[in-house]
Each structure stands twice: as C-alpha cells, then as structure tokens.
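Chemist: The sequence shown begins at 14 in the working numbering and counts up by one. From the three backbone atoms N, C-alpha and C, an ideal C-beta is built for every residue, glycine too. Let me begin by handing over the structure; questions about it come next.
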Amino acid sequence: MILMIVVTTENIPGKKVIEVKGQVFGLIVRSRGIGKDIMAGLRGLVGGEIMEYTEMIEDARRQAIERMVRNANLMGANAIVMMRFDSSSIMNNMSEIVAYGTAVVIED
Numbered sequence: 014m015i016l017m018i019v020v021t022t023e024n025i026p027g028k029k030v031i032e033v034k035g036q037v038f039g040l041i042v043r044s045r046g047i048g049k050d051i052m053a054g055l056r057g058l059v060g061g062e063i064m065e066y067t068e069m070i071e072d073a074r075r076q077a078i079e080r081m082v083r084n085a086n087l088m089g090a091n092a093i094v095m096m097r098f099d100s101s102s103i104m105n106n107m108s109e110i111v112a113y114g115t116a117v118v119i120e121d
C-alpha cells in the first residue's frame, strides 16, 4: 500500500493544504459465497456476530481504501481528507463498498 495520510476530518493538525486535487474514490463489489451463506444462516439461528460477513466487509473496506489511495496517488496527492464509506446491496448476495474523500497536497 502506498503511504498516504487518510483522515475523516477536514484538516490535518500541523499540516497545510496547498492544493485540492479533487474527489477520489475506491470501489469494490463483493458477492457472498454459498458456503458463507450457509454458515451465516446457521449462526443466525443461535444469534450473535456473523463472523463470515464481518470478515468479508472488513476485507472489502480495506481493499476500497487501497484503491482510493492508489487513485489519489495517480492524481498527485499526498493525503486524503474527509474520507467516508458508503455501502449498498446489489441483488440478494452482492454488496458494494465505496471509500471516498478529497485528494489533497499537504505540507508542514
């Protein structure tokens, strides 16, 4: 992964934004496999956390951030501010995860 400061805030303490490169995002669409659906269904009967889905979403968010950072790097940015996640379902077994923010150039 490319080293880049990524924050959910508008400013980065001790840094000054000298250029705004624009909107940047990373997108991933994941489908649940039948094996995970079966295991999740069984876990759902007894209650508690559905680890199969938790792991899938954590991995998808990580990949979305990596793609967002790669795109920001291509734009010439060295930081991303106001980073957010969004997610939605596509059909019955697919999830879309988007990481997005504003690509900027910062200096001390």
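Where does Met96 sit, in a helix, a strand or coil, going by DSSP?
Modeler: Taking the first residue of the sequence shown as position 1, residue 96 is located at position 83. Here Met96 sits in strand by DSSP.
Chemist: Are Ala112 and Arg83 closer than 8 angstroms when you measure CB to CB?
Modeler: Taking the sequence shown and counting its residues from 1, one reaches residue 112 at position 99. Taking the sequence shown and counting its residues from 1, one reaches residue 83 at position 70. The answer is no: Cβ separation not under 8 angstroms.
Chemist: Does DSSP put Glu109 in a helix, a strand or coil?
Modeler: Along the sequence shown, one-based indexing puts residue 109 at 96. Strand at Glu109.
Chemist: In angstroms, rounded to a whole number, what distance separates the CA positions of Ile110 and Asp121?
Modeler: To locate residue 110, count along the sequence shown from 1; it is residue 97. To locate residue 121, count along the sequence shown from 1; it is residue 108. Their Cα atoms are separated by approximately 32 angstroms.
Chemist: From the DSSP output, in three-state form, read off Val37 for me.
Modeler: The residue labelled residue 37 in the question sits at position 24 within the sequence shown. If DSSP states are grouped into helix, strand and coil, Val37 belongs with the strands.
Chemist: Quick one, which of Ala116, Glu65, Lys34 and Asn24 has its alpha-carbon nearest Arg43's?
Modeler: For the purposes of this step, residue 43 is taken as the residue at position 30 of the sequence shown. With distances taken between Cα atoms, Arg43 lies closest to Glu65.
Chemist: Please name the residue, chosen from Val37, Gly27 and Pro26, that lies closest to Ala90 on a Cα-to-Cα basis.
Modeler: The count along the sequence shown starts at 1 and reaches residue 90 at position 77. Here the closest residue by C-alpha is Val37.
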